[in-house]
Amino acid sequence: MVKGGTLLKQGNTSVSEQVMAEGCPVREVLDRVAGKWSILIVVAAAQGPIRFTELERSIEGISRRMLTLTLRNLERDGLMVRRVYPTVPPKVEYELTPIARELHRSLVTLTDWAGKHRHTIAAARRAYDEGHEHVPA
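Structure follows, in structure tokens:
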């Protein structure tokens, strides 16, 4: 079967079509957990409970607002637990849930792959950019 110019094997057609369809629950989950900040937060929180400021310091380039929004979304999706301790000032810790720990194992594989191939990808980008310098966008 050909869909959108791509040949799909019959056995995978329904799964591929479902994941690619807008509004697919699997796609919605992937959109959330595959986001740049979500991945970095899950990796940063993998060692155990972590405070907001520790997350903020460990994730270069994230704003306080984006960290707050992403943590809320991860909590809403059941990937993060937020604990508030009744101290002055209040102490707040974040911890991965069991399903987020399972996700983390997959992310370790992905980050290992990225580390292994980063030089090859950088070289490919340079070669592509050199070949397309004078081509208007």
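Just so we're aligned, residue 141 is where the sequence shown starts under this note's numbering, counting upward by one. All residues carry an ideal CB built from backbone N, CA and C; glycine is no exception. In this text, all values refer to a predicted model and were calculated from it rather than measured experimentally.
Around the beta-carbon of Leu-170, fewer than 16 other beta-carbon atoms lie within 10 Å, marking it exposed. A Cβ-Cβ distance of about 5 Å is found for the pair His-244 and Ala-186, placing them in contact under the 8 Å criterion.
The shortest C-alpha to C-alpha distance from Trp-177 to any of Gly-188, Asn-213, Pro-165 and Val-166 is the one to Asn-213.
Leu-236 carries a strand assignment under DSSP once its states are collapsed to helix, strand and coil. Membership of Val-224 in the beta strand (DSSP E) is indicated by the continuous run 220 to 225. With a 10 Å radius around the Cβ and a threshold of 16 neighbouring Cβ atoms, Ala-240 comes out buried. The continuous alpha helix (DSSP H) containing Val-182 extends over residues 176 to 184. For Val-166, the enclosing alpha helix (DSSP H) stretches over residues 165 to 173.
The three-state reading of DSSP puts Ile-261 in helix, counting H, G and I together.
When beta bridges are read from the DSSP output, Ile-190 appears opposite Tyr-234.
When secondary structure is reduced to three states using DSSP, Ser-198 falls in the helix class.
Per DSSP, the unbroken alpha helix (DSSP H) holding Glu-215 starts and ends at 204 to 216.
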